[in-house]
Every structure is written in C-alpha cells, then in structure tokens.
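Trainee: Got a structure for you, written out below as structure tokens; questions coming shortly.
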Amino acid sequence: MIGTTGTAYGAPRTGIVERVGEPRPVDADIVIPVYNEQEQLAESVLTLMNHLASSQIEGWAYTWQIVIADNASTDDTWAIASRLASQYPGRVRAVRIARKGRGRALKLAWGESRAKVVSYMDVDLSTDIHQTGTLVGTLVYGFADVAFGCRLFDDSEVTRSAKREFISRTYNGMLRMLLGASFHDAQCGFKAMTASAARHLLPYIQDDEWFFDTEMLLLAQATGMRMYEFPVRWVEDPGSTVNIPDTVRKDLKGMWRMNGTLNRMRVAATA
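Laid out in structure tokens, this is it:
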C-alpha cells in the first residue's frame with residue numbers, strides 16, 4: 511500500500527467529458543496537456559507528429575500515438591484539438607477534461623492508455639523533441655520504470671532566465687535536503703513511465719496540478735522503481751503562463767504533505 515487514499519487505475523476523481531479517437535495498443539502514448547493553447551497547439555502537434563513519423567530507437571521504428579489532453583480550456587483549444595484528432599485518426603487523439611489541472615489531465619489520459627509506455631511533454635516543445643527516443647526507448651527496452659529529463663545537469667543545454675534558474679535549483683535542493691530526493695529536476699515537462707509503473711503509482715498520486723510531477727517521482731523512488739534521469743536540451747518559452755507565486759505556494763504545501771506520506775511509508779516498511 512503506497513498511500514492512505516487513492517482511486518482505481520484509470521478512474522481518477524474527475525472524468526473526461528469528450529473524446530475524439532480511441533486509445534491504441536502502441537509502444538508509446540505521448541500526452542500533451544494543454545490549457546488555453548490555441549495559438550501554438552496545431553503547430554506543435556504537427557511538428558511532433560512529423561518528427562515521430564521518421565523517428566527510430568536504435569534503428570527500430572516504434573509505434574506511437576499523440577494524445578492532446580485539454581484540461582478545461584476556455585478558448586478554441588478544444589476545437590483545434592478535436593479537429594487534429596479527426597484529421598489524423600490513429601496518430602492523434604484528443605480528450606477534454608472537466609476541470610483544470612495538468613496532473614488531473616495526465617491521470618486521465620494515462621489511465622485509459624493502452625500503450626506500453628505513457629509519457630508527456632509540454633505543448634511549447636521546450637525540450638528538444640529529438641530526445642523523445644531516449645525518453646521512450648529507455649522504458650521500451652526495459653532499462654528503467656520511470657524516465658525523465660533534467661535541466662540541471664552540467665551537460666544539460668538550457669536557455670532560461672536567471673530568475674527561473676534560481677527558483678528551480680532552490681526547489682530541487684529543498685526536495686533533496688528535506689525529502690531525501692535522489693533526483694535533480696522534478697519539474698521538467700518531459701517524463702515517461704511504463705504501463706506497469708503507471709498502474710502502481712497513479713492511484714496514489716493525490717495532486718492534480720503542478721506538484722503531480724514531484725509526487726510521482728518521490729513515490730517512484732520510495733517504492734524502489736528504477737529511475738533514469740538524463741540531461742536535456744531545453745529552451746524556456748517566453749510566453750509561459752505559469753503563475754510562479756501560486757505554484758511555489760502549492761509546491762511547499764505538497765512538500766509538507768509528502769513529508770508525512772513518506773514518513774508513514776517508512777514506518778509501515780519497518781512494522
């Protein structure tokens with residue numbers, strides 16, 4: 511038992527209200543969670559789709575499906591997402607979530623996946639999409655249960671403001687110091703899990719927003735899953751709409767909650 515609360519895998523607390531396309535039994539689902547992204551959604555999906563069409567892992571052309579997870583957008587994002595799914599059946603599907611929250615969108619999209627590997631990346635494609643093969647291949651070949659990019663390694667190539675760099679390093683330093691995190695970058699929007707890892711972890715991840723990533727990695731570490739963190743090439747999106755003060759407040763609250771969760775897990779393990 512990982513935590514004290516949870517729901518069945520594939521059945522989070524709030525549901526999908528619309529779908530265009532069905533899950534396919536592919537090697538990898540690549541989810542793009544979006545909220546009010548009408549300006550860049552179509553271009554990003556087409557760019558990613560064209561890359562994946564010719565992408566290989568060690569000479570092997572893996573199968574994939576892009577899943578656009580619209581979490582309660584109020585602009586034309588859903589209309590664009592549903593049109594893309596209709597134009598490219600089998601390659602793109604779209605789901606619309608009833609409530610806002612990146613974590614919520616990932617729980618639902620990953621929860622109904624039929625892929626061997628579930629992954630996600632940010633719609634701005636800040637992480638170099640040519641590294642998707644590393645993200646997915648590490649798991650498809652069985653080298654790890656969870657894989658994710660890191661912007662804080664010495665050999666990572668990152669372009670972003672000094673303010674965002676400071677906040678990121680401070681936050682991840684706190685995770686290592688206060689919660690014993692063994693990883694270096696909890697919030698890079700470039701992560702993947704095997705279907706088996708998702709089945710074990712998703713029911714116990716409580717956060718539905720930005721702390722989802724951190725909670726996922728902390729639980730994966732606490733349960734002994736094999737984790738692979740690799741340096742990425744990453745460029746900050748100057749148009750990012752992330753509310754930094756609100757995110758920091760919620761992250762601190764999430765850290766406090768996870769401290770209790772991890773302590774209970776340690777006690778249970780020694781009982």
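In this note's numbering, the protein residues as written are 511 to 781.
Positions of the beta carbon are idealized from the N, C-alpha and C atoms, including for glycine.
Note that the structure is predicted; figures quoted are calculated from it, not measured.
1. Which residues mark the beginning and the end of the alpha helix (DSSP H) in which tyrosine 681 is found?
2. Could you check which residue in Ile542, Leu729, Arg606, Asp655 has the C-alpha nearest to that of valine 555?
3. Pairing CB atoms from the region 682-697 with CB atoms from the region 597-612, are three or more of them under 8 angstroms?
4. Can you tell me whether proline 533 is helix, strand or coil according to DSSP?
5. Taking the alpha helix (DSSP H) that valine 605 belongs to, which residues open and close that run?
6. So which of Thr771, Asp695, Gly647 has the shortest CA-CA distance to aspartate 664?
7. State yes or no: is the C-beta of valine 650 within less than 8 angstroms of the C-beta of aspartate 537?
8. When burial is assigned at 16 or more other CB atoms within 10 Å of the CB, is glutamate 739 buried or exposed?
9. To which residues does DSSP link glutamate 725 through a beta bridge?
10. How is cysteine 660 classed by DSSP in three states: helix, strand or coil?
11. Around the C-beta of proline 741, are 16 or more other C-beta atoms found within 10 angstroms, so that it is buried, or is it exposed?
12. Where are the alpha helix (DSSP H) runs, 4 residues long or more, that stay fully inside the region 533-618, in chain order?
13. Flag this pair as touching only if the region 754-765 and the region 710-723 have three or more C-beta atom pairs under 8 angstroms; answer yes or no.
14. Looking at the unbroken beta strand (DSSP E) that takes in valine 745, where does it start and where does it end?
15. What is the DSSP secondary structure of threonine 733, reduced to helix, strand or coil?
16. Pull up the distance between the alpha-carbon of threonine 557 and that of aspartate 585, whole angstroms please.
17. Taking the CB atoms as reference points, tell me whether valine 745 and valine 633 lie closer together than 8 angstroms.
18. Can you tell me whether DSSP reads threonine 515 as helix, strand or coil?
19. Leaving out the 5 sequence neighbours to the left and right, which residues in its chain are closer than 7 angstroms to threonine 587 when beta-carbon positions are compared?
20. My output table needs one value for tyrosine 651: the three-state DSSP class, helix, strand or coil.
21. Helix, strand or coil for lysine 626 per DSSP?
22. Cα-Cα, which of Ile578, Arg609, Ser583, Ile677 is closest to serine 596?
23. According to DSSP, simplified to helix, strand and coil, what is valine 633?
24. Quick one, are the C-beta atoms of glutamine 641 and glycine 652 less than 8 angstroms apart?
25. Go through its chain and collect everything with a Cβ distance to leucine 594's Cβ below 6 angstroms, but skip five positions before and after it.
26. Measuring only the C-alpha atoms, how far is glutamine 566 from valine 656?
Mentor: Looking at the coordinates:
1. 672-689
2. Ile542
3. no
4. coil
5. Not the alpha helix (DSSP H): valine 605 falls in the beta strand (DSSP E), residues 602-607.
6. Asp695
7. Closer than 8 angstroms, so yes.
8. buried
9. According to DSSP, which records beta bridges pairwise, glutamate 725 is partnered with nothing at all.
10. Here cysteine 660 sits in strand by DSSP.
11. buried
12. 551-563, 587-597
13. Result yes; three or more Cβ-Cβ pairs closer than 8 angstroms.
14. The continuous beta strand (DSSP E) containing valine 745 extends over residues 743-745.
15. In this structure, threonine 733 counts as coil in the three-state DSSP scheme.
16. Roughly 22 angstroms between the two C-alpha positions.
17. Taking 8 angstroms as the Cβ cut-off, valine 745 and valine 633 do not qualify as a contacting pair.
18. Summary for threonine 515: the model assigns pLDDT 36, below 50, so the residue's position carries little reliability, and this model does not support an answer.
19. Val544, Asn546, Glu547, Gln548, Leu551, Asp580
20. Coil.
21. coil
22. Ile578
23. coil
24. no
25. Val555, Val602
26. 20 angstroms
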